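Novice: Here you go, one structure.
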Amino acid sequence: MTKLIVQVPCLNEAGQLPALVRHLPRQVDGFDQVEWLVIDDGSTDGTVDVARSVGFDHIVRLPVHKGLAIAFQTGLDAALKLGADVIVNTDADGQYDGSDIARLVKPVLQGEADMAVGDRGVASAEGFNWSKRRLQTLGSWVVSRASGTRVPDATSGFRAYNRDAALQLVVVTAFTYTLETLIQAGATSVTVANVPIERHHVERPSRLFTSNWDYIKKSIGGISRIYAFYRPLRVFTTAAAVLAVAGLAAWSPFLISWARGDPHGHIQSIILGAVLIIAAVQIFALGIVADLLGKQRVLSQFTLERVRRLEVHTGAPPSHYEPGEPGAAREPTRAIDRPTSATLTS
Ligand SMILES: Nc1nc2c(ncn2[C@@H]2O[C@H](COP(=O)(O)OP(=O)(O)OP(=O)(O)O)[C@@H](O)[C@H]2O)c(=O)[nH]1
Ligand SMILES: [Mg+2]
387 MTKLIVQVPC LNEAGQLPAL VRHLPRQVDG FDQVEWLVID DGSTDGTVDV ARSVGFDHIV
447 RLPVHKGLAI AFQTGLDAAL KLGADVIVNT DADGQYDGSD IARLVKPVLQ GEADMAVGDR
507 GVASAEGFNW SKRRLQTLGS WVVSRASGTR VPDATSGFRA YNRDAALQLV VVTAFTYTLE
567 TLIQAGATSV TVANVPIERH HVERPSRLFT SNWDYIKKSI GGISRIYAFY RPLRVFTTAA
627 AVLAVAGLAA WSPFLISWAR GDPHGHIQSI ILGAVLIIAA VQIFALGIVA DLLGKQRVLS
687 QFTLERVRRL EVHTGAPPSH YEPGEPGAAR EPTRAIDRPT SATLTS
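So that you can map any letter, position 127 of the sequence shown is 513 in my numbering, and since no number is skipped, the others follow by simple counting.
Laid out in structure tokens, this is it:
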């Protein structure tokens, strides 16, 4: 029996859920069972009650607000423990069309990819303002550079994961799961497919950002941090190179007069140049340490993947779980019988 679980992370989405479920499928080709899971992140508007009343089978209710990245991961973890073979994440605001789920899961079902990302065509999509379009394009570029995977819509929240991909994912940055999960996919053995999808225009205010400026600030901060996190050597070496060049420039008055046979004076430029060169060497050394820490992170990731497999195998219950619609929750756990396919490639 194959099971699809559609998960919807929510922050105060009571008003959106009734319209959302009208388009969420109960049957998808290739699956015997399709279930819905809501992840409530400390909503104050009765999101959980509405989710129950509109037929969600499973509810994960975080006791306090933890942010989208943690909510997303808690949802994946619960879906695995509920026996999902494939997990689809979609947003509550109605931007994505439930009828696209069948198309989204196809490459995953057919074994062409471990993960599929719904591509909204962000570079040309109407309804996104200029800054959002540019920042989404920047996000996709950073993901391509940091991971070697080409993903045209890296910030898309409409995604499908097979069990292996879901077991391997770990998000540690709080800002967003979208970019980091793709970079990790590129660094491990998880293959990614891009599936063109419909995008509906959404009027309701974002739950992630309070204003345009907030979006720009958080996006630039988040994207830079993720890049430095996954490509520390490149970032630190670039910073060190800039300082080294500035140091040589500061030394140049002394070097020029020394070449002309007058090695006296220019004490300020010698001191400034020396300070800059020492700083460059230290930053390069920090880059090497950060690179080694990155390797440690990859090792921890593989340990965590094995712990998750054991948890699922032994039937550990999902965290913060409540059954949804009475009688709706079926088969709370199911063992994973296959060995890990993860390979150390990073
Ligand atoms: N659990 C949880 N869900 C959240 C949080 N912030 C946003 N969400 C949910 O994540 C989904 C995406 O949030 P949106 O408000 O649609 O984000 P957006 O700014 O419109 O981003 P785009 O849809 O990519 O344009 C929605 O289902 C939200 O309810 C959060 O802090 N916790
Ligand atoms: Mg949205």
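The beta-carbon is built from N, C-alpha and C at its ideal position, and this holds for glycine as well. Computed from a prediction, not measured in an experiment: that's the story for all the values here.
1. What residue does the beta strand (DSSP E) around G504 start on, and which one ends it?
2. Short check: CB of Q570 to CB of A478, under 8 angstroms?
3. Counting only beta-carbon separations shorter than 8 angstroms, does A502 have a partner in chain B?
4. Consult DSSP for R545 and reduce its assignment to one of helix, strand or coil.
5. Consult DSSP for L468 and reduce its assignment to one of helix, strand or coil.
6. Counting Cβ pairs, one atom from each stretch, are 3 or more of them under 8 angstroms apart for the segment 514 to 525 and the segment 596 to 605?
7. What do you reckon, are the CB atoms on G525 and L490 nearer than 8 angstroms?
8. Ends of the alpha helix (DSSP H) at D435?
9. Would F615 and G673 qualify as a contact pair, given that the criterion is a beta-carbon distance under 8 angstroms?
10. A579 lies in the beta strand (DSSP E); which residues open and close that run?
11. Would you kindly check if the distance between the Cβ of I391 and the Cβ of V424 is under 8 angstroms?
12. Is the separation between the beta-carbon of D483 and that of H586 shorter than 8 angstroms?
13. For V394 and W516, what's the separation of their Cα atoms in angstroms?
14. Taking 7 angstroms as the cut-off, is the C-beta of P404 nearer than that to any heavy atom in ligand 1?
15. From F417 to P618, what does the alpha carbon distance come to, in whole angstroms?
16. Round the Cβ separation of N475 and G543 to the nearest angstrom and send it over; I've been treating them as touching at under 8 angstroms.
17. Any chance the segment 580 to 599 sits against the segment 650 to 669, with 3 or more Cβ pairs inside 8 angstroms?
18. Ligand 2 and V424: does any heavy atom of the ligand fall closer than 7 angstroms to the residue's C-beta?
19. Quick one: what does DSSP say L410 is sitting in, helix, strand or coil?
20. In its own chain, which residues sit with a C-beta less than 7 angstroms from the C-beta of T726, not counting the 5 before and 5 after it?
21. Give a yes or no on contact between the segment 545 to 562 and the segment 432 to 440, applying the rule of three or more CB pairs nearer than 8 angstroms.
22. Quick check: does the Cβ of L454 come within less than 7 angstroms of any heavy atom belonging to ligand 1?
23. D751 and A400: beta carbons closer than 8 angstroms?
24. Beta carbon of V588: closer than 7 angstroms to some heavy atom of ligand 2?
25. Just reading off the alpha helix (DSSP H) that P709 is part of, what are its end residues?
26. A405 and P704: beta carbons closer than 8 angstroms?
27. Distance, Cα to Cα, A721 vs Q419?
28. Could you pull the start and end residues of the beta strand (DSSP E) that E421 belongs to?
29. Who does K389 pair with in a DSSP beta bridge?
30. With a threshold of 7 angstroms (Cβ to nearest heavy atom), would D431 be considered close to ligand 2?
31. Checking the sheet assignment: what are the DSSP bridge partners for I445?
Specialist: Here's the rundown:
1. 501 to 505
2. no
3. Looking for chain B here will not work: only one protein chain is present.
4. strand
5. coil
6. yes
7. no
8. 433 to 439
9. no
10. 578 to 582
11. no
12. yes
13. 27 angstroms
14. no
15. 42 angstroms
16. 6 angstroms
17. no
18. no
19. coil
20. With a pLDDT of 40 at T726, under the threshold of 50, the modelled position of this residue cannot be trusted; read the value that follows with caution. So the list reads E691, R692, R695, once near-sequence residues are dropped.
21. no
22. yes
23. Outside the displayed span of the chain (387 to 732) sits residue 751, for which this structure offers no information.
24. yes
25. P709 -> not in any alpha helix (DSSP H); beta strand (DSSP E) instead, spanning 707 to 709.
26. no
27. Its pLDDT being 40, under 50, A721 is placed unreliably by the model, and nothing is read from it.
28. 419 to 427
29. Q419
30. no
31. V424, E708
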